[in-house]
Structures are given as structure tokens and as C-alpha cells.
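Chains A and B, in that order, give the protein sequences. Numbered by UniProt numbering, the letters in the first sequence go through residues 1 to 128 in order. Numbered by UniProt numbering, the letters in the second sequence go through residues 1 to 128 in order. C-beta: ideal position from N, C-alpha, C; glycine also. Quick notes on the structure that follows.
There are 2 protein chains.
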Amino acid sequence: MARGIQISHLSERLESIADFCDTEVMFAVVGGKWKLLIVLYLLRGKHRFGELQRALPADITHRMLSRQLREMERDGLVHRTVYPEVPPRVEYELTPAGRSLKPLMEQVESWGSWYRKYLRELAHKADD
Amino acid sequence: MARGIQISHLSERLESIADFCDTEVMFAVVGGKWKLLIVLYLLRGKHRFGELQRALPADITHRMLSRQLREMERDGLVHRTVYPEVPPRVEYELTPAGRSLKPLMEQVESWGSWYRKYLRELAHKADD
DNA sequence: CTGTATCCCGTAAGATACTG
DNA sequence: CAGTATCTTACGGGATACAG
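Written out as C-alpha cells, the structure is:
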């Protein structure tokens, strides 16, 4: 175990992404329905489970948030800290791998913004 | 209609991605199981349906290839040209929006490559 | 050669309830 | 507060056959 990451699960994951080309790997690890939003939020800092749930769209269930976080932990993107208190407190933060997504996310975001404009312009031309 | 893109479908698509943040948009348009590989192949140039099928992993059915291409056409990433011949010949090529993905794809690929190494190193440390 | 229609299946995701 | 168990649903994707 290094930095709290479940290594055994990492090698599992290495196997399971073996079929993917390098370009597909990112989709494999942040392609879940909520994972992108989770990464974006955690890029702002360490947060508790409840904070995440409130920060994300209302229709994410408790169960799904938990699952997506576990998968991201298994993939070495997120580190989970449990404080042995009552009531329990759990904090999530990005690992170096998680933080390394930042510049990429910015690129992806600006492409998305550009693409939206592109679609609107085409739709506009169609009105002529 | 501009450049052969189905504009009516574009406005449809504009609606359907309205719920996504800009960062999610890219995943919405190239997140299909084979779309990434299709983009990568078409970045090399215009290709026929059959060429695509042979270039992609053997387990993609022609039904799925057809569907993914149609969705990408609807999203304005791919342009489809039908030659009125017998037997029919159809060629696919990227639109400007499709080609605009190139630098992003390169970033995504190099992140994927880096991430693989990162996982291997962590797994290696675990052996110590 | 390219494409669609029909039917089927597996898995991601949601609802709900219960636990430490 | 955080998490899991169980059950269910929805949907992307696959097999196959047929058509222009």
C-alpha cells in the first residue's frame, strides 16, 4: 500500500484496462456518470462525503456517490480518509494522479464550450 | 443544411446536451464504445464503411458501426457521402468539429500513457 | 456493399431500506 | 454521517436476419 491506495486493486485495474488503447484509458476511469463532476469538485480541495453530495446535482443518490468514489479510489484517483469519530467523518481528496487530470480537464472544458458555439452557429445558418 | 450536416438533428442535440457542463460535452459525443477509435481512424483521412470495419477491432458488428457513425453524423463530427453506385459506396470523413478533436485526443492519449506508467510504478512499490 | 429491423442480454444506474 | 444490501429499471450494446 502506498499513499492509502489499494494496490491490489490497482493491478486488477491494470488488467482490466489492458484492452484499451491509451486514448481510451481516461474514458475508462472518469467515464462514469458522475465521476467528471466529482473530479472537478475535488480539484478545489479536500471535501467530506456530505459536502460532495450537496455540491453535486440533486439527483445523485447516496449509493451512487459512494460507488463512484470507491471506483475512483480503486483506480488511484481519489484518496479516502476515515476519521474514527462518532458520527463518522470521511474526507476525499485527489491523489497525484487525480490532480494530474487538471490541465486535461481544462482542455476538455474549453473544447466543449467551443463545440457548443459551433453547433449554435450551424443551427443559426440553417435559419437563413 | 450546411456541409451535409443534419441541422435539425443538431438543434435536437443542443437540447440533449443542455444538462451537461462543458467538461461533460466531449464525453457525450465521443463516449460511445467505438467512437474514440472511429475518430482516431478518421483523423487519418476519408474512409469507406468497409475500411472502417476492417480497421476496428474484429468484434464490432456492422450494426454498431453504422449506429455509432450515425450518431456522430447527427452530432456534427462526421460527414457522410453516398455515391449512387451499384454496389453502393459510402465514405466517411471528419467535419471541422471532428478534426478539432485532434489536439485534445493527443493530450488524452498521453495522459493515458502516463497513467498506465503511474499504476505500474505504484504496483511495483507494493512488491517491496 | 451498406444499412436497417427485431429480438436479446448484461451492466450501469436508481429506489429504498437498513446498519454502525 | 457514511455506507451497504437488495431489488428493480433503463439503456447501450450484441446476434441475427433481411433489404436496397
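In the DSSP output, what is residue i paired with across the bridge?
i	result
leucine 94 of chain A	A:Val78
histidine 47 of chain A	A:Tyr92
tyrosine 83 of chain B	B:Arg89
Do we get a CB-CB distance below 7 Å when we pair residue i with the residues of chain A?
i	result
tryptophan 111 of chain B	yes
glutamine 68 of chain B	no
valine 78 of chain B	no
serine 16 of chain B	no
methionine 105 of chain B	yes
tyrosine 115 of chain B	yes
alanine 55 of chain B	no
valine 90 of chain B	no
leucine 10 of chain B	yes
alanine 123 of chain B	yes
alanine 58 of chain B	no
Going by CA-CA distance only, name the one from the options that's closest to residue i.
i	options	result
arginine 63 of chain A	A:Leu43, A:Asp75, A:Arg74 and A:Phe49	A:Phe49
leucine 56 of chain A	A:Arg99, A:Val39 and A:Glu71	A:Val39
valine 41 of chain B	B:Trp114, B:Leu101, B:Ser110 and B:Gly112	The sequence shown places tyrosine at residue 41 of chain B, not valine. Measuring from the Cα of tyrosine 41 of chain B, the nearest candidate turns out to be B:Leu101.
lysine 35 of chain A	A:Met72, A:Arg54 and A:Glu12	A:Met72
glutamate 15 of chain B	A:Ala126, A:Pro88 and A:Arg116	A:Arg116
aspartate 22 of chain A	B:Lys125, B:Tyr118 and B:Arg13	B:Tyr118
glutamate 109 of chain B	A:Leu104, A:Ser110 and A:Trp111	A:Leu104
arginine 13 of chain A	B:Leu37, B:Ser11 and B:Arg120	B:Arg120
threonine 95 of chain A	A:Ser11, A:Leu43 and A:Trp114	A:Leu43
valine 30 of chain B	A:Ala126, A:Gly112 and A:Lys125	A:Gly112
CB-CB under 8 Å to residue i, same chain, minus the five flanking residues each way: which ones, in chain order?
i	result
valine 90 of chain A	Arg48, Phe49, Arg80, Thr81, Val82 and Tyr83
glycine 45 of chain B	Glu93
alanine 123 of chain B	none
arginine 99 of chain A	Leu43
proline 88 of chain B	Val82
glutamine 53 of chain B	Ile60, His62 and Leu65
I want to see whether chain B comes within less than 7 Å of residue i, judged by CB atoms only; does it?
i	result
glutamate 71 of chain A	no
glutamate 24 of chain A	yes
tyrosine 118 of chain A	yes
leucine 36 of chain A	yes
glycine 108 of chain A	Before going on, a small fix: residue 108 of chain A reads as valine here, not glycine. With 7 Å as the cut-off, valine 108 of chain A counts as an interface residue toward chain B.
Under 7 Å Cβ to Cβ from residue i, same chain only, skipping five residues before and after it: list those, please.
i	result
isoleucine 17 of chain B	Val25 and Ala28
alanine 97 of chain B	Gly76 and Leu77
leucine 37 of chain A	Leu56
glutamine 107 of chain A	none
Excluding the 5 residues preceding and the 5 following residue i in the sequence, name in chain order all residues of the same chain whose CB lies nearer than 6 Å to its CB.
i	result
glycine 32 of chain B	Gln68
phenylalanine 20 of chain A	Ala28
isoleucine 60 of chain B	Trp34
histidine 9 of chain B	Arg74
isoleucine 5 of chain A	Confidence in isoleucine 5 of chain A is poor, its pLDDT being 44 and thus under 50, which makes the residue's placement unreliable; the coordinate value appears in the next sentence. Counting only Cβ-Cβ distances below 6 Å, and skipping sequence neighbours, we find Gly76.
glutamate 51 of chain A	none
Let me check you understand the geometry: is the CB of residue i closer than 6 Å to at least one non-hydrogen atom of the ligand SAH?
i	result
alanine 97 of chain A	Because no ligand of any kind appears in the structure shown, any question about the ligand SAH cannot be addressed here.
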